[in-house]
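Number of protein chains: 2
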Amino acid sequence: MISAETAELRILDAAEALFYGRGIQAVGMDEIRSASGVSLKRLYRLFPSKGDLVQAYLRRRDVRWRQKLAAYADARDTPEERILAVFDWLHEWFGEPEFRGCAFSNSFGELGATSSAVAETARAHKEAFVRYLAELTAAAGKPASLADHLALLAEGAITTAAITGSAEPARRAGEAARVLLKAAQR
Amino acid sequence: MISAETAELRILDAAEALFYGRGIQAVGMDEIRSASGVSLKRLYRLFPSKGDLVQAYLRRRDVRWRQKLAAYADARDTPEERILAVFDWLHEWFGEPEFRGCAFSNSFGELGATSSAVAETARAHKEAFVRYLAELTAAAGKPASLADHLALLAEGAITTAAITGSAEPARRAGEAARVLLKAAQR
DNA sequence: GGGTGTGGAGAACGCGCGTTCTCCTCTTCC
DNA sequence: GGAAGAGGAGAACGCGCGTTCTCCACACCC
Numbered sequence: 001m002i003s004a005e006t007a008e009l010r011i012l013d014a015a016e017a018l019f020y021g022r023g024i025q026a027v028g029m030d031e032i033r034s035a036s037g038v039s040l041k042r043l044y045r046l047f048p049s050k051g052d053l054v055q056a057y058l059r060r061r062d063v064r065w066r067q068k069l070a071a072y073a074d075a076r077d078t079p080e081e082r083i084l085a086v087f088d089w090l091h092e093w094f095g096e097p098e099f100r101g102c103a104f105s106n107s108f109g110e111l112g113a114t115s116s117a118v119a120e121t122a123r124a125h126k127e128a129f130v131r132y133l134a135e136l137t138a139a140a141g142k143p144a145s146l147a148d149h150l151a152l153l154a155e156g157a158i159t160t161a162a163i164t165g166s167a168e169p170a171r172r173a174g175e176a177a178r179v180l181l182k183a184a185q186r
Numbered sequence: 187m188i189s190a191e192t193a194e195l196r197i198l199d200a201a202e203a204l205f206y207g208r209g210i211q212a213v214g215m216d217e218i219r220s221a222s223g224v225s226l227k228r229l230y231r232l233f234p235s236k237g238d239l240v241q242a243y244l245r246r247r248d249v250r251w252r253q254k255l256a257a258y259a260d261a262r263d264t265p266e267e268r269i270l271a272v273f274d275w276l277h278e279w280f281g282e283p284e285f286r287g288c289a290f291s292n293s294f295g296e297l298g299a300t301s302s303a304v305a306e307t308a309r310a311h312k313e314a315f316v317r318y319l320a321e322l323t324a325a326a327g328k329p330a331s332l333a334d335h336l337a338l339l340a341e342g343a344i345t346t347a348a349i350t351g352s353a354e355p356a357r358r359a360g361e362a363a364r365v366l367l368k369a370a371q372r
């Protein structure tokens, strides 16, 4: 018998792959059961409803996504380089075969009007992202408005990359970010 | 008895309000019947499946959206003003009470992985938008790359406005667009 | 060893939805 | 007036899904 922690991990891994890859409403609980190998009974003990599982999926993805981004960008030497590294990281992400856009924008589009929990989680994710960019721009001695502008570029790149199926938008956004960065008074 | 054209209009109006406002999978055909006042039988004669209705909804919205944008921007006097007017128009759009983000990004997030027709329609919409921006930047004697950068800003503004529920992202995107416009060599 | 309980497999239930069918009404043409 | 057909209302059907329940196997404790 596998431990409760392992079961939870397996469920979340399966849920993330399926929800992100095909959309939340397109995936049934039975499919998560087969993919995770955890029985429905146990699944429902750990996550009392599909909504709870969706929330857990989104929350874990939020944390991991921002951690990966920060780990990548913070490795650069200067504040300016860290800012531009965000767009390099996006380019890597867009190149992953499973890439299908922003999980939060996607679930917001799908369920935001129906579920206030999903809407709130998406809002919190975007807010945390722009907060991180604001840290980077502040460290570079740039105004906070630059962080908003960069966030819009990144957001647009994610959506465009998803819909066009190309990683190029990350490069285009990086070019624009470089211009804005240079133009921003310090 | 109402004419076939009127019935089609009523159906498309109801479908647009419901699909856009609540998401495609969250709206049943019965609801479109009640909202449009057109019987199911007739509905299915005009649109043989829900998928056909979704495609008709998206195609009509694509044309109308771009027409409204162009009508607004083309009224400005100079090429530069027309470019910046795009972001003013976004601000007006974001302020509408029914605004809930980009219908195409939303349906792509919801059904893009399942329905290649929806994915293709979303791609075509985004492509047409960037083509329009390219016309504007070309008329201003700016490079085509500027159009890509502006498109990313606009795209990001739409998503951010939807998720945060604020019209401000249009202003922020307009600020960044002004900087990019000034910096672009003519 | 026998009771007790935990867990797995999957059937069952209830509901909603896309789609089709039935029945009735009204109009139109001879 | 009556036959015929079109159209509307909504019931019916089939299916999928979220959730719960049943039945059985197996481990653990006295």
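Chains as they are written, first to last, in our numbering: chain R, 1 to 186; chain Z, 187 to 372.
Every residue, glycine too, gets a C-beta built ideally from N, C-alpha and C.
Every value quoted in this text rests on a predicted model; they were computed, and no experiment measured them.
*asked:* What would DSSP say about Z:Glu267, mapped onto helix, strand or coil?
replied: Taking the second sequence and counting its residues from 1, the one referred to as residue 267 of chain Z is at position 81. Helix at Z:Glu267.
*Assigned exposure category for Z:Val249 - 16 Cβ within 10 Å defines buried*: By one-based count along the second sequence, residue 249 of chain Z stands at place 63. Flag for Z:Val249 reads exposed.
*asked:* Using a Cβ-Cβ cutoff of 8 Å, what residues of the stretch 315-338 of chain Z are near chain R? List them in chain order.
replied: Ser331, Asp334, His335, Ala337 and Leu338
*asked:* Quick check on R:Leu111 - is its C-beta less than 8 Å from some C-beta in chain Z?
replied: What you label residue 111 of chain R is simply residue 111 of the first sequence in a count that begins at 1. Cβ-Cβ to chain Z under 8 Å: yes for R:Leu111.
*Could you spell out where the alpha helix (DSSP H) holding R:Ser145 opens and where it closes?*
For the purposes of this step, residue 145 of chain R is identified with residue 145 of the first sequence, where counting begins at 1. Its alpha helix (DSSP H) spans residues Ala144 to Thr164.
*Out of R:Phe129, R:Phe108 and R:Thr6, which has the shortest C-alpha to C-alpha gap to R:Glu120?*
Taking the first residue of the first sequence as position 1, residue 120 of chain R is located at position 120. Taking only the C-alpha atoms, the option nearest R:Glu120 is R:Phe108.
_Straight-line Cα distance separating R:Arg172 from Z:Leu332_ = Here residue 332 of chain Z refers to the residue found at position 146 when the second sequence is read from its first residue. Here residue 172 of chain R refers to the residue found at position 172 when the first sequence is read from its first residue. Approximately 9 Å between the Cα atoms of the pair.
*With respect to the alpha helix (DSSP H) encompassing Z:Ile218, which residues constitute its N-terminal and C-terminal limits?*
Residue mapping note: residue 218 of chain Z aligns to position 32 of the second sequence, counting from 1. Segment Met215 to Ser222, the alpha helix (DSSP H) holding Z:Ile218.
*asked:* Rounded to whole angstroms, what is the Cα-Cα separation between R:Ala56 and R:Ser105?
replied: What you label residue 56 of chain R is simply residue 56 of the first sequence in a count that begins at 1. What you label residue 105 of chain R is simply residue 105 of the first sequence in a count that begins at 1. Cα-Cα distance, rounded: 16 Å.
*Looking at the unbroken alpha helix (DSSP H) that takes in R:Ser116, where does it start and where does it end?*
As a position in the first sequence, residue 116 of chain R is number 116, starting the count at 1. R:Ser116 -> alpha helix (DSSP H) spans Ser116 to Ala139.
*Span of the alpha helix (DSSP H), counted from its first residue to its last, around R:Arg171*: As a working note, residue 171 of chain R is residue 171 in the first sequence. Glu168 to Ala183 is the extent of the alpha helix (DSSP H) around R:Arg171.
*Whole angstroms is fine: what's the gap from Z:Ala193's alpha carbon to Z:Val304's?*
Your numbering for residue 193 of chain Z matches position 7 in the second sequence. Your numbering for residue 304 of chain Z matches position 118 in the second sequence. Between Z:Ala193 and Z:Val304, the C-alpha separation is close to 24 Å.
*Output yes or no for whether 8 Å exceeds the beta carbon distance between R:Val179 and Z:Ala369.*
As a first step, residue 179 of chain R is located in the first sequence; it is residue number 179 there, counting from the start. As a first step, residue 369 of chain Z is located in the second sequence; it is residue number 183 there, counting from the start. Taking 8 Å as the Cβ cut-off, R:Val179 and Z:Ala369 qualify as a contacting pair.
*Buried versus exposed call for Z:Glu296 [16 or more other C-beta atoms within 10 Å across all chains shown]*: Translated into the one-based positions of the second sequence, residue 296 of chain Z becomes position 110. Buried: at least 16 other Cβ atoms inside 10 Å.
*Beta-carbon of Z:Phe294 versus every beta-carbon of chain R: anything under 8 Å?*
Residue numbering aside, residue 294 of chain Z sits at position 108 when the second sequence is read from its first letter. Answer yes: the Cβ-Cβ gap between Z:Phe294 and chain R drops below 8 Å somewhere.
_First through last residue of the alpha helix (DSSP H) which encompasses R:Ile110_ = The sequence position of residue 110 of chain R within the first sequence is 110, counting from 1. Reading off the sequence shown, one finds Glu at residue 110 of chain R, where the question assumed Ile. Unbroken alpha helix (DSSP H) run through R:Glu110: Ala103 to Leu111.
_Collapsed DSSP secondary structure at R:Phe99 in the structure displayed_ = For the purposes of this step, residue 99 of chain R is taken as the residue at position 99 of the first sequence. Three-state DSSP puts R:Phe99 in coil, outside helix and strand.
*Along the alpha helix (DSSP H) that carries Z:Ala257, what are the first and last residues, could you check?*
Reading the second sequence from its first residue, position 71 is the one you call residue 257 of chain Z. Unbroken alpha helix (DSSP H) run through Z:Ala257: Lys236 to Asp260.
*If you draw a straight line from the alpha carbon of R:Ala124 to that of R:Gly101, how long is it in whole angstroms?*
As a first step, residue 124 of chain R must be located in the first sequence, where it is residue number 124. As a first step, residue 101 of chain R must be located in the first sequence, where it is residue number 101. Their backbone Cα atoms lie some 17 Å apart in a straight line.
*May I have the straight-line CA-CA distance separating Z:Ala356 from Z:Arg228, to the nearest angstrom?*
Translated into the one-based positions of the second sequence, residue 356 of chain Z becomes position 170. Translated into the one-based positions of the second sequence, residue 228 of chain Z becomes position 42. Near 41 Å, if we compare the C-alpha coordinates of Z:Arg228 and Z:Ala356.
*By the criterion of Cβ-Cβ separation under 8 Å, what are the contact partners of R:Gln55 in chain Z?*
Sequence index remark: in the first sequence, residue 55 of chain R carries index 55 (1-based). Per Cβ cutoff of 8 Å: no residues; R:Gln55 is ~16 Å from chain Z at best.
*Please decide whether Z:Lys236 counts as near chain R, where near means a Cβ-Cβ distance under 8 Å.*
The residue you call residue 236 of chain Z lines up with position 50 of the second sequence. Chain R contact via Cβ: absent.
*Are the C-beta atoms of Z:Arg364 and some chain R residue less than 8 Å apart?*
Here residue 364 of chain Z corresponds to residue number 178 of the second sequence, with the count starting at 1. No, its Cβ sits nowhere closer than 8 Å to a Cβ of chain R.
*Are the beta-carbon atoms belonging to R:Glu16 and R:Arg61 less than 8 Å from one another?*
The sequence position of residue 16 of chain R within the first sequence is 16, counting from 1. The sequence position of residue 61 of chain R within the first sequence is 61, counting from 1. In contact: R:Glu16 and R:Arg61 (Cβ atoms closer than 8 Å).
*Anything in the stretch 254-287 of chain Z with a Cβ closer than 7 Å to a Cβ of chain R? List those residues in chain order, please.*
Arg286 and Gly287
*Nearest to R:Arg22 by CA position, among Z:Lys254, Z:Gly298, Z:Asp238 and Z:Gly209, is which residue?*
Mapped onto the first sequence, residue 22 of chain R falls at position 22. Of the listed residues, the one whose Cα sits closest to R:Arg22 is Z:Gly298.
_Identity of the residue in R:Val54, R:Ile158, R:Arg10 and R:Ala73 nearest R:Val27 by Cα_ = Taking the first residue of the first sequence as position 1, residue 27 of chain R is located at position 27. Taking only the C-alpha atoms, the option nearest R:Val27 is R:Val54.
*CB contact below 8 Å: Z:Lys312 versus chain R*: Residue mapping note: residue 312 of chain Z aligns to position 126 of the second sequence, counting from 1. So yes, Z:Lys312 belongs to the interface.
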